[in-house]
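Scroll down for the structure; my scribbles are underneath it.
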Amino acid sequence: MKKMKTLLTREDGVTLVELLAAIILLSIIVVSFMGFFTQAARTNSRTNAVNEATFLAQQEIELITHYSSSGKSFEELNDSDNDYGFINGKRQTSSNGYEINTKIATPSESEPATTLYKISVIVKKGGEARAQMETHLPFKETTVEPIP
């Protein structure tokens, strides 16, 4: 009982100056860490945008690879009667606010000694390129029959 009475009657404590000093030190530490967190959030946002653009470019490359492996010809892709969307080897689509530009260059344009077509995919958002992929693929050759 005596101990409790002594604890209650003690006048030891924290002064106002000590309390203010502790609050100021904690504020300085918290403010310095807030800069790290906001920068990390910005970096995370940019990384997510690049990842999404890369995914869209990869998806477009896989679609063109499917056309190549299923026996489509370059001329067939450019035929306006089909729904492939290519005009002169170029196509522009959009997805999730990104602009996807696809170009198929004929072998004579890219490398004359090969039969592979060069496929370039550029994904843009707000006019700024976010991702770019390229590959080379073969397409079925079409033969032009001579007119008798």
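Remember, the numbering used here sits 193 above the position in the sequence shown when you count from 1. Ideal Cβ placement from N, Cα and C applies to all residues, glycine included.
Please list the terminal residues of the continuous beta strand (DSSP E) segment that includes residue i.
i    : result
L309 : Taken as a continuous stretch (DSSP letters only), L309 belongs to no beta strand (DSSP E), as it is neither H nor E.
I293 : Y291 to A298
S263 : No beta strand (DSSP E) contains S263, which DSSP labels as neither H nor E.
E327 : E321 to L330
What whole-angstrom Cβ distance do residue i and residue j have, given they're in contact under 8 angstroms?
i    : j    : result
L187 : S220 : This structure cannot speak to residue 187, because the chain is shown only from 194 to 341.
T299 : F279 : Going by Cβ atoms, the distance from T299 to F279 rounds to 12 angstroms, so no, they are not a contact pair.
K311 : E292 : No, K311 and E292 are not in contact; Cβ-Cβ is about 20 angstroms, not under 8 angstroms.
What number of angstroms, rounded off, separates the C-alpha of residue i from the C-alpha of residue j?
i    : j    : result
E255 : R235 : 30 angstroms
N241 : F230 : 16 angstroms
M227 : T258 : 46 angstroms
I297 : G282 : 5 angstroms
For residue i versus residue j, is the C-beta spacing smaller than 8 angstroms?
i    : j    : result
A250 : V314 : yes
N294 : Q285 : yes
K324 : V243 : It is worth fixing the name first, because residue 324 is Ala in this sequence and not Lys. Yes. Within cutoff.
K333 : G264 : yes
So for residue i, helix, strand or coil by DSSP?
i    : result
S238 : helix
S273 : coil
V243 : helix
V314 : strand
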